[in-house]
Structures are given as C-alpha cells and as structure tokens.
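Structure first, commentary second.
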DNA sequence: GTATTCTGG
DNA sequence: TTCTACCAGAATACG
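Numbering (my numbering), first residue to last: 7 to 552.
Below, the structure is given as structure tokens:
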C-alpha cells in the first residue's frame, strides 16, 4: 500500500521543483468554490496536507461513489474504467515495470510518458464521475453519499495526519513482563506434557491434548481440515480435566498480546512524528462500518486485565493535552429500539434503566447476575439475527430451551419480532435492506433454496440495518464535530474512531468547550425518539479516558 | 494462499 | 437435514 508519508516526503529528490508545481495549483486547490473530483481522493488530500496545503471545496470521490452505486464491482480505477467506460487505461506497470526489485519510481520515467499517464488518469476520473453521479441517484444513495460519506473524507485525512502518540517505554515494559510469563508457561506445559512441541500450532496442540493425553474422546474437529478444535471455548470446557489446559490458555493470552500488539506497535510509529498514523478505509465493509489498518487501532485489547495495559501506551501529544474518549452507550440496541419502534424497549431506554437487567426481568421475571448475563447474550443475539442454534451454543443450553427463550423474548418485545419479520420480507421482495439514512446492503442469497445460506442472508438483513445505521450515525457526528472544532479554531484534535467511540487529543483549556459539543453532536447526529446516550471520560492515557 | 485463533465493536 | 449467531484485522502454521 502506498503511503503518502514515505512516498512523497522521504523520497522526493527535487523538493524545490515539487514546491514550484504545488504553488502553481495552490490557488485552485485552496479555493472553496471549486469542487474536487478524485478516485480515492483521501489519498490526494493527504499528500497535499503533508505538504502544508489544505484542499478546500466540495469533494467527489469516484471510489466512494462506486462503492454505493455499483457495490458488486471491484473498486480499482482500471477495473471501473473497463466496466463502466469500456476503456482500458495505460497500465502503471508499462511505465515503472512489474512489482518487485527493479520496479522504478515515476520520477525516473520520461516526463512525456508521465504526463500522458497522469492526464489520462484525470480524464478517466472525470468520466467515471459523469457515469456514477446519476447512478447514485438511481440507486437512491444520494443522501448517504452527500451527507455521510463525502463530508467524512477530509475528516479521516486529518485524523490519519494527526496520528496518536505512543509511549514506547510502556510497551517495552510490557514486552519484558510477557517474555518471562511466556517462557515459564512454556516450561510448565512441556513438563506436564512430557515432551516439547510447537505451542503455536493448533494441529500439534490438538494431537497432544486429544491423542496423547486423551482428554476428550468426543473431541470436536474443525469443519474445513478435520483438525481437533483447540479454541478458547473448547479449552474452557476441558480445564478441569488436566492442569495443562489452564497453562495453555495462559500461554495463548500472553503470546497473542506479545506478537500482535506489544511487539508490533512500536514498528508502526512513524519516525518523522513519533506517532502512529493509522489508515481508515471508508468504503470496504458491507454494513458501512470503517476499517482501520497499519496498525488496526480498532481491536486494541480492553476486556482482560493484562490486555488493557496496552492502552496505557496511547498518550496525549504533550502535557498540555489529555486524551478524551466519547462513546455511544448501547448504540446498537438503541438503534434496534428506534427502527423497530418497540414500545417496551423504547421505554426502558427512556427511563434510563439498564437494558440487560430490564430484559432479564421481562423474560425471566427475575433480576440477578446470572439472569442479567443471559439476557445480555439474548440481546446481542437479537442484533445479530438470533437463531436457537446460535443462542444455545453461547448459553450452553439445549436448542429447545433456547427456542423457548426466543419465544419468550418476542412475546415481551413484539415490536422487535415484527422488525425481524418485516426486514426479512422486505429483503426477499427487493433484494436489499436499508439503514435509516438509506444505505443499502444487497443480499444475493435471500431467496436461496439452501436453507443454511438463506438463513445466513436473513441474519445479515436483520443485522445490517442496525449496524449500518449506527455506522451512519457516528460518521455524520464526526463530520459535524470536525466542522465545529475548526470553526472555533480549537487546538484539540480528533484522533481515532472505534465503531462507537471517538478519541480526542484534547487541550486542557478546551475541555469545558469541547466536551459538550462532542456529546451534543454525537447524540443528535441522526434525530431519534429513543434517547442516545454518550459516555465521556478524560485521562493521561487511553485506558484512563475510556 | 488457506485455515485457525484471538483481538475489538 | 442443516452445524450459522453480526462486522472486521493480524499473527502464525502449513501445504
């Protein structure tokens, strides 16, 4: 993946020449009355931002447009050109060669050739926009495109540009701790097993547990390769049979944290800034959610004691700042209540009660820790398009009992039942479902004769409207917040988005001004009759702020 | 390149 | 009869 940082800052061999070119275009690029069209325009915006130029004016991204207007097509410009314009563009490889050792840089190529390539690139983008613009209208995606996606492009570019500061010393300390824990766990496991093997190989581990130690004669095997399953769930059920099992779980926790986070995050720190500049992908998921990579900041541990320590390494830019986190409380259940119009569920939220406790009271008639835990599982099941099989698996109860539980739930929340039925029948009739903002997800398999396939599509339909609406909501909030922050010329910066959470580098003096703004704009981004609650926190690192 | 596992929402 | 809970990224093993 190309990176504006390395591609355009580090390797530029003629910065003066580049600056002169930049100055030629500065007037147009910074003119807010002139719209800009680009394919993956966040990339171009970012490059210019790193060169101190802030692009103004309305942005039209043909890649985003294609995502919404022709969702089945691949999103590379070359492919779209062939599919929509019946024209095969000059291949970049015809200028710089195939990917590999001797691939050239564009600046080593004859300028005439580069000019032809670049001009064609611009021309195709313009032509694609002419084709895609009416298609967005036809597909009913104009509102999502105009009010959700396009305004978000510069917001994401700025978040990537800002990055987040990492305290590498925190990471180094964790690395040492984990190293010794892993080493002693390994020794104990091999001692108990009587032999050494590769602990990271599920295959070898499965053979040790089930062939050598014979811990479970009815051990489950994986569907694809027929290996023994050694997942957390499986180990959990085996834990009482042999001391080695707990040790393996301990080892796995530490090995995962070390390899995926502790050892890899320092490598993502960009030397030029000392910060981690993640990339956000706006147009990839089926539901409308974003993805983060390089590194992925959306799966930093929080659920376990050990794992959450990693969040202490995410720190404010300097001592004048703190990290501020704002996250939606139970957003998907609130959205479910809103879309379904279920009166009882809406009432629970209006009264400000605990949704899982209230659900436990409704379906079990009692309120204790265990029933609340089960009700919570049921509530998640609702969002995902519940099935007796799936619920039984997660609650570890018989399928028949799970089915009764679902009946019980739907009796108490008839609006939710109607939502699932209406959503499925709409999907069967139209072949797609929509979020509140009109974002569509097409479901090819919704009328499949294969029951498993069809049921899967039905769950996608139920889940997509909910997850997609929540995604729309936070995307809108981000644009509104960024606008308000720059209008007020705040020094605080939006840094991260984690699906239902926004994290800010907040100047200490701006707390009283910024926090009410963030809270209000997040809560009202999409007007709803169910109250939307935003929980906020401040701290010297991400863990403290959350 | 595919499969498995684990991290998050 | 089916062996599925939804949406993702990344590390590792293994053919």
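Heads up, the beta-carbon is just placed ideally off N, CA and C, and yes, glycines get one too.
From a predicted model like this one, the values you see are computed outputs, not experimental measurements.
Residue 508 sits buried, since 16 or more C-beta atoms from the chains shown fall within 10 Å of its C-beta. The beta carbons of residue 195 and residue 130 sit about 58 Å from each other, so the pair does not count as a contact at 8 Å.
The region 224-240 and the region 269-277 do not touch, with fewer than three beta-carbon pairs separated by less than 8 Å.
Assigned with DSSP and collapsed to three states, residue 503 falls in strand. Check the Cα spacing between residue 231 and each of 208, 220, 188, 224: the tightest is with 208.
In the DSSP annotation of this structure, the continuous segment of the beta strand (DSSP E) that includes residue 171 starts and ends at 170-172. Counting along the chain, residue 487 sits inside the alpha helix (DSSP H) bounded by residues 457-493.
Straight across, the Cα-Cα distance linking residue 84 with residue 126 is about 11 Å. Taking the C-beta atoms as reference points, residue 433 is found nearer than 8 Å to residue 467. For residue 270 and residue 453, the gap between their C-alpha atoms comes out near 44 Å.
Within the same chain, and ignoring the five residues on either side of residue 365 in sequence, the residues whose Cβ sits closer than 7 Å to its Cβ are 381, 384, 385. By the CB criterion at 8 Å, residue 228 and residue 477 fall outside the cutoff. Contact between residue 154 and residue 351 does not hold, since their C-beta atoms are separated by about 25 Å, which reaches or exceeds 8 Å.
The DSSP-derived three-state label of residue 220 is coil. Per DSSP, reduced to three states, the secondary structure at residue 331 is strand. Residue 405 and residue 373 have their C-alpha atoms roughly 23 Å apart. Residue pairing for residue 109: DSSP places it in no beta bridge. Under the 10 Å beta carbon count, residue 504 is surrounded by 16 or more other beta carbons and is classified as buried. DSSP places residue 97 in the coil class of the three-state scheme, outside both helix and strand. DSSP places residue 256 inside the alpha helix (DSSP H), whose first and last residues are 249-262.
Under DSSP, the beta-bridge partners assigned to residue 297 are 287. Its Cα nearest to that of residue 335, the residue 506 stands out among 76, 506, 356. Residue state for residue 67 is assigned as strand, using DSSP reduced to three classes.
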